[in-house]
Amino acid sequence: MADLASRITKPDEAAGAAPQVEDPTEGANSVGIVENAYDVEVKLADLQNDAESPLFSVQSFEELGLPKAINDGLLAMNFKKPSKIQERALPLMISDPPTNMIAQSQSGTGKTAAFVLTCLARVDLSKPQQPQALLLAPSRELARQIQGVIQTIGQFCENLIVQAAIPGEVSRETGVRASIVVGTPGTVMDLIRRRQFDVSQLKLLVIDEADNMLDQQGLGEQCVRVKGLLPKTIQILLFSATFPDNVHRFAQKFAPNANEIKLRHTELTVKGISQMYMDCPDESKKYDVLCKLYGLMTIGSSVIFVRTRESANEIQRRMEADGHKVSALHGAFEGQNRDALLDDFRSGRSKVLITTNVLARGIDVSSVSMVINYDIPMKGPGAGVPDMETYLHRIGRTGRFGRVGVSISFVYDRRSYEALSEIANHYGIDLVQLSPDDWDLTEKKVQDVIKSSRARPDYAPNALGN
Ligand SMILES: Nc1ncnc2c1ncn2[C@@H]1O[C@H](COP(=O)(O)OP(=O)(O)OP(=O)(O)O)[C@@H](O)[C@H]1O
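Start counting the sequence shown at 1; every next residue gets the next number (the UniProt record's numbering).
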């Protein structure tokens, strides 16, 4: 118990945990749009000039030597400067001869654009239907999102065809006909086996969320099998915010002689995310606390993470019965239903999303200002071990690319308290305590952070608009 207590900060430090933001007492409504736009330019530019920030860079995109059509795409996305990972990784990935890469960078720091730019720089667009780059992701949502990023950054690249290899997307008659293919490992494997995906000319394999994808307890076997069917000389890029030691060793075998960009444990947390925890009296009270938070959750958009599909359904049912508007998304839903639910959330039509770990990684919705860990993430036999990596990925759904956000983890008994305490110690996080007994203070602490995130004019669904 003492461990977590030692990581509690004083109440008035709560808003301070989200540095370099507008005065938190100033809500979006009280700030004029023009002034505000100026503020934000300065704020993001400030972060990008701060050598300590993961968004820092000294170069411009032009200096990285990418083709003009790609630079035009970056301009259209309003990407003014590369982030640190983009600046460091890109020159290594696009240089010849092609070299493998294992790259780690905090959540929301632009890893996707780093590997997407490499794909766009490597494919020969005179062969638009010949698969040349394959990107693998752990969920259909992430595969679709990456497909969208490629299409947006590549909007000025003539003849670019990008296809998603996820269930229900590739017709049996035509098979895969695209230069860039983004998929989930099971579907990709099926397509290759059925000879509907010609992999003979692939020159690039990207694995996003690579520690999760290569984990031998999970998708690892499938990824190894896919790789075994690809040309031996293929360039391999592995990206994630987390690389636990055991998976990292395996990653080095999977992508031999790779250049590496690694971070220490304590560098992994994103400064813009104010991490808090809620001391619930017991498990049965967690639901009431959640309902009390509901008003704050709808100021921006929020994601509530739970352990099982059943509890996602159950919380949705109860909250709706109590008159709240929420959506639930998990692996039991049909693919197209899942797509529609996430699209609604991205566009702001729904503001509160209850989900499982299926959406813990990679999903980029810039309007998310709050993440709730209704259940502390656990793993291992009997799910008795705190899942450090999943915690970091879950909270990383907010605080994207210099934005601010808040995460609230619910604890209610010794076990959940100790698990969160281990997570906090592992990353060296100072968690702010919230109490359901002092609701006014709780509300103020959370609102201060959320209001700061709202004060940004680019506070809207991301540039993809999907
Ligand atoms: N150079 C840039 N300038 C401005 N915005 C950027 C830049 N690069 C990326 N972004 C934006 O930052 C957000 C986060 O990027 P991205 O989704 O690639 O993060 P990530 O590092 O892959 O995070 P995660 O580990 O959660 O998957 C996206 O909305 C993206 O459009």
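By construction, the Cβ of each residue, glycine as well, lies at the ideal position given by its N, Cα and C atoms.
Three-state secondary structure assigned by DSSP to I354: In this structure, I354 counts as strand in the three-state DSSP scheme.
Test item: CB-CB of C223 and P185 under 8 angstroms: Yes, they are a contact pair.
Selected residue, minimal CA-CA separation from residue 472, among S179, E221, F239: Absent from the structure is residue 472, since the part of the chain shown begins at 1 and ends at 466.
Entirely enclosed beta strand (DSSP E) segments - the region 363-445, minimum 3 residues: As far as the region 363-445 is concerned, its whole beta strand (DSSP E) runs of at least 3 residues are 368-373, 405-411, 431-434.
A121 - DSSP class collapsed to helix/strand/coil: Residue state, collapsed to three classes: helix.
Span separating the alpha-carbon of H248 from that of P138: The C-alpha of H248 lies about 17 angstroms from the C-alpha of P138.
Nearest to N373 (by Cα), restricted to the options T398, G384, G228: Taking only the C-alpha atoms, the option nearest N373 is T398.
Contact under 8 angstroms by Cβ, D343 with R400: In this structure, R400 does not lie closer than 8 angstroms to D343 by Cβ.
Inter-residue Cα distance where the pair is N246 and C280: Roughly 35 angstroms between the two C-alpha positions.
Ligand 1 heavy atom lying under 7 angstroms from the CB of V82: In the sequence under discussion, the amino acid at residue 82 is Pro, which differs from the Val named in the question. Relative to ligand 1, the beta carbon of P82 is positioned inside 7 angstroms of a heavy atom.
Bounding residues of the alpha helix (DSSP H) (the contiguous stretch that carries E141): 140-153 is the extent of the alpha helix (DSSP H) around E141.
Per DSSP, cross-strand counterpart(s) of Q235: Paired residue(s): L204.
Cβ-Cβ distance between A255 and N425 below 8 angstroms: In this structure, N425 does not lie closer than 8 angstroms to A255 by Cβ.
Which listed residue (L191, L134, V188, L125) has its alpha carbon closest to that of residue 470: What the structure shows of the chain is the stretch from 1 to 466, and residue 470 is not part of that stretch, so it cannot be assessed.
Heavy atom of ligand 1 within 7 angstroms of R88 beta-carbon: Incorrect: R88 has no Cβ contact closer than 7 angstroms to ligand 1.
Separation of L293 from P82, as counted between CA atoms: Approximately 36 angstroms, taken between the alpha carbons.
Rounded Cβ spacing between I102 and A258 (contact assumed at less than 8 angstroms): Going by Cβ atoms, the distance from I102 to A258 rounds to 5 angstroms, so yes, they are a contact pair.
Beta-carbon proximity of A143 to I161, cut-off 8 angstroms: Cβ distance not < 8 angstroms, so A143 and I161 don't count as in contact.
Minimum length 3: unbroken beta strand (DSSP E) runs contained in the region 267-328: DSSP runs (the beta strand (DSSP E)) wholly in the region 267-328: 273-279, 301-305.
CB contact flag (G295, L47, <8 angstroms): No. Outside cutoff.
Which of helix, strand or coil DSSP assigns to S452: Of the three classes helix, strand and coil, the one that applies to S452 here is helix, per DSSP.
S366: CB within 7 angstroms of a non-hydrogen atom of ligand 3: Among the ligands present in this structure, namely ligand 1, ligand 3 is not found.
Which of helix, strand or coil DSSP assigns to L64: In the three-state reduction of the DSSP assignment, L64 falls in the helix class.
Residue burial classification, D437 (beta-carbon count within 10 angstroms, cutoff 16): D437 is exposed by the Cβ-count criterion.
Alpha-carbon to alpha-carbon, S57 and I150: Each residue's Cα considered, the two are about 22 angstroms apart.
Per DSSP, cross-strand counterpart(s) of S57: Under DSSP, S57 takes part in no beta bridge, so it has no partner.
Candidates S367, T118, Q132, I94: closest to G396 by CA position: G396 has its Cα closest to that of S367, out of S367, T118, Q132, I94.
Inter-residue CB distance, M370 and I423 (contact presumed, cutoff 8 angstroms): Incorrect: roughly 18 angstroms between the Cβ atoms, too far for contact.
Residues that A103 bridges to, as DSSP identifies them: Answer is F239, I261, bridged to A103.
Cβ neighbour criterion (16 or more within 10 Å) applied to D413: Answer is exposed; the Cβ neighbour count stays below 16.
Backbone CA spacing between A251 and G65 [nearest angstrom]: Rounded to the nearest angstrom, the gap between the Cα atoms of A251 and G65 is 28 angstroms.
Residue environment, G348, which counts as buried when at least 16 other CB atoms sit within 10 Å: Only exposed fits G348, as fewer than 16 other CB atoms lie within 10 angstroms of its CB.
Nearest-angstrom Cα separation, counted from K227 out to G220: Taking C-alpha positions only, G220 is separated from K227 by approximately 11 angstroms.
Identity of the residue in Q201, V404, S107, A419 nearest D208 by Cα: Nearest to D208 by alpha-carbon distance, out of Q201, V404, S107, A419, is S107.
Cβ neighbour criterion (16 or more within 10 Å) applied to G382: The residue in question, G382, is exposed, as its Cβ has fewer than 16 Cβ neighbours within 10 Å.
Terminal residues of the alpha helix (DSSP H) in which G175 lies: That residue, G175, is in no alpha helix (DSSP H); it is neither H nor E in DSSP.
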